[in-house]
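Residue numbers (my numbering): 6 to 590. We put the CB at the ideal spot given by N, CA and C, even for glycine. The model shown is predicted, which means the values in this text are computed figures rather than measured ones. In what follows, a structure is listed as structure tokens, so that the remarks can point back to it.
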């Protein structure tokens with residue numbers, strides 16, 4: 006205790022510094038030094054990315070704002086002709102820039118675009134995506150330190166996002182853009198986003214076809230072939246090309262974020278280049294429309310499977326309920342045997358944890374037989390797609406969850422309303438949504454058969470939990486190391502009674518009239534006791550009650566143990582001429 010008292014000012018300093026650092030950290034994160042609006046009012050824009058102001062050149066990096074270009078000369082600065090695809094590339098008489106980064110070993114005098122975001126000066130070449138990306142080389146701790154330094158004017162702005170460029174081999178000969186976005190070739194190799202496609206034949210390279218429901222085919226931007234090998238971007242896939250390969254064009258915001266490849270000949274599926282289990286093949290996609298789904302579902306003999314993009318794994322959602330085959334009769338509505346099935350999407354959000362999960366549910370429409378269900382409306386319309394079964398009427402939704410319609414099937418409560426919907430030629434989205442809000446069409450009763458779930462992790466909150474957890478663990482460790490160690494409530498030194506807490510409150514022994522001890526029952530379920538100590542001075546002033554225990558422990562203390570301990574404290578006070586008493590509760 007004397008040791009702590011001796012270094013009390015150091016302890017105070019550390020506590021204050023910790024508080025100041027916390028305030029600065031949170032203030033820096035919550036504050037914004039972004040003056041983009043004011044800058045753009047006075048700066049001269051060159052093409053939407055580059056701008057000049059007061060003799061300096063700046064580059065706008067989306068998600069980060071403007072950066073000053075080091076060593077750039079405003080009077081000599083130029084941009085490439087294409088103000089969309091190549092707007093992020095600029096140059097002066099000394100350097101070529103990818104956003105605010107200097108591209109090394111490229112001569113600005115000969116810089117030109119090859120297409121597909123490839124560039125050359127006639128000798129050296131490089132690739133640079135026109136979309137900025139997160140700088141994965143900048144760690145969280147380093148970013149926070151740089152952000153604090155930037156807001157205090159000590160360092161430059163952290164490069165959280167950038168236009169990262171990829172140099173190409175100088176001995177590769179002449180490069181030329183080929184096919185689609187991000188691809189180029191030379192005499193020997195094929196490149197995608199600057200990475201080599203292993204064993205690819207540059208003479209025969211072409212994209213896999215992409216099929217869109219109800220519309221003509223187009224070319225894939227993710228899957229390619231040279232007639233022999235198949236690639237997902239720059240990744241060589243473990244299959245040989247055949248003419249049944251295609252990429253389904255997935256609709257729906259969340260499902261469309263991943264690229265799928267279907268191999269009809271072998272019944273295989275690939276998601277972002279990851280192969281499904283070949284032993285479970287053949288697979289068949291339920292639908293690519295997915296207006297009421299967060300996952301793409303594939304049917305195999307032993308189950309329904311989906312790709313979990315967060316975990317990067319293929320998962321089984323449940324058993325396959327379809328008999329032999331199935332038919333999609335409306336968006337996300339299926340007929341199999343004499344039953345009707347449909348999809349429903351859900352999301353779960355935590356009040357403090359953000360998005361927790363997204364799910365897609367496959368349900369069976371209860372009380373409806375496929376043989377007795379028939380359309381009375383226009384099945385090609387997303388507004389008039391009405392079906393009847395006996396005296397029941399259903400609206401098969403074509404608007405989707407993006408419009409607030411999370412179910413694929415809704416029941417129409419009134420037969421007259423069903424006829425009105427089918428006969429109206431001016432029915433629109435707002436009309437359907439109004440019927441839904443009023444309850445005139447409502448989600449029908451369905452028997453849920455299976456669910457595909459993707460769980461999400463919030464990295465920022467996870468970091469906070471780790472910090473809190475580490476703090477708790479450190480506290481428990483200290484408690485363990487100091488277990489059963491005594492920590493007296495006071496020490497008497499040099500004529501002073503010094504209270505043993507962080508305040509290190511001192512009382513002159515000659516000013517003390519008496520010290521009052523109390524034993525108080527705690528509020529914990531353990532029904533233990535704790536000690537209280539109060540100093541009374543001759544002038545009548547009293548201190549606050551100081552809490553104490555016989556030792557550092559998490560176990561409850563007994564009344565008898567505390568009473569015995571207080572008797573020892575009273576003996577110590579008597580030796581210094583200080584009166585004391587144990588107050589009765």
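Remark: fewer than three beta-carbon pairs, one from each stretch, lie closer than 8 Å, so the segment 265-283 and the segment 419-435 are not flagged as touching. Closest in C-alpha terms to residue 348, from the list 131, 335, 358, comes 335. Here residue 507 is exposed. Its C-beta has fewer than 16 other C-beta atoms within 10 Å.
Taken in chain order, the whole beta strand (DSSP E) runs of length 3 or more contained in the segment 94-150 are 94-96, 101-103, 106-108, 117-120, 123-125, 130-133. For residue 364, same chain residues with a beta-carbon under 6 Å away, outside a window of 5 residues either side, are 351, 456, 458 in chain order. Excluding five sequence positions before and after residue 170, the CB atoms of its chain that fall closer than 6 Å to its own CB belong to 103, 108, 131, 133, given in chain order.
Beta-bridge partners assigned by DSSP to residue 237: 228, 240. Secondary structure at residue 481: helix, using DSSP grouped into helix, strand and coil. Put simply, of 240, 408, 56 the residue whose alpha carbon is nearest the alpha carbon of residue 79 is 56. The DSSP-derived three-state label of residue 277 is coil. Ranking 536, 566, 477 by CA distance to the CA of residue 553 puts 536 first. DSSP lists 55, 72 as the beta-bridge partner residues of residue 64. Per the DSSP secondary-structure output, residue 172 pairs in a beta bridge with 131. The segment 400-412 makes no contact with the segment 489-498, as fewer than three CB pairs between them are under 8 Å. Put simply, the backbone Cα of residue 305 is about 34 Å away from that of residue 184. Per DSSP, the beta-bridge partners of residue 188 are 197.
The residue from 478, 431, 346 with its alpha-carbon nearest to that of residue 415 is 346. Residue 262 sits exposed, since fewer than 16 C-beta atoms from the chains shown fall within 10 Å of its C-beta.
Taking a cut-off of 8 Å for Cβ pairs, the segment 539-553 and the segment 516-526 touch, as three or more such pairs fall below it.
In the DSSP assignment, residue 508 falls outside any beta strand (DSSP E), carrying neither H nor E. Annotation: the continuous alpha helix (DSSP H) that includes residue 570 extends over 564-579. Taking a cut-off of 8 Å for Cβ pairs, the segment 51-66 and the segment 81-96 touch, as three or more such pairs fall below it. At the C-beta level, residue 235 and residue 299 stay beyond 9 Å of one another.
Excluding five sequence positions before and after residue 440, the CB atoms of its chain that fall closer than 6 Å to its own CB belong to 446, given in chain order. Partner residues in a beta bridge of residue 328, as assigned by DSSP, do not exist. Annotation: residue 295 to residue 387 spans about 14 Å, alpha carbon to alpha carbon. Beta-bridge partners of residue 353 (DSSP): 362. When beta bridges are read from the DSSP output, residue 541 appears opposite 519, 547.
CA-CA distance, residue 127 to residue 196, rounds to 18 Å. Judged by beta-carbon spacing, residue 95 lies within the 9 Å limit of residue 51, meaning their Cβ atoms are closer than that value. Exclusion of the five residues before and after residue 253 leaves 216, 265, 267, 290, 293 as the residues of its chain whose Cβ lies within less than 7 Å of its Cβ. For residue 43, the enclosing alpha helix (DSSP H) stretches over residues 41-47. If you ignore the 5 residues before and after residue 568, its C-beta comes within less than 8 Å of the C-beta of 524, 587, all in its own chain and listed in chain order.
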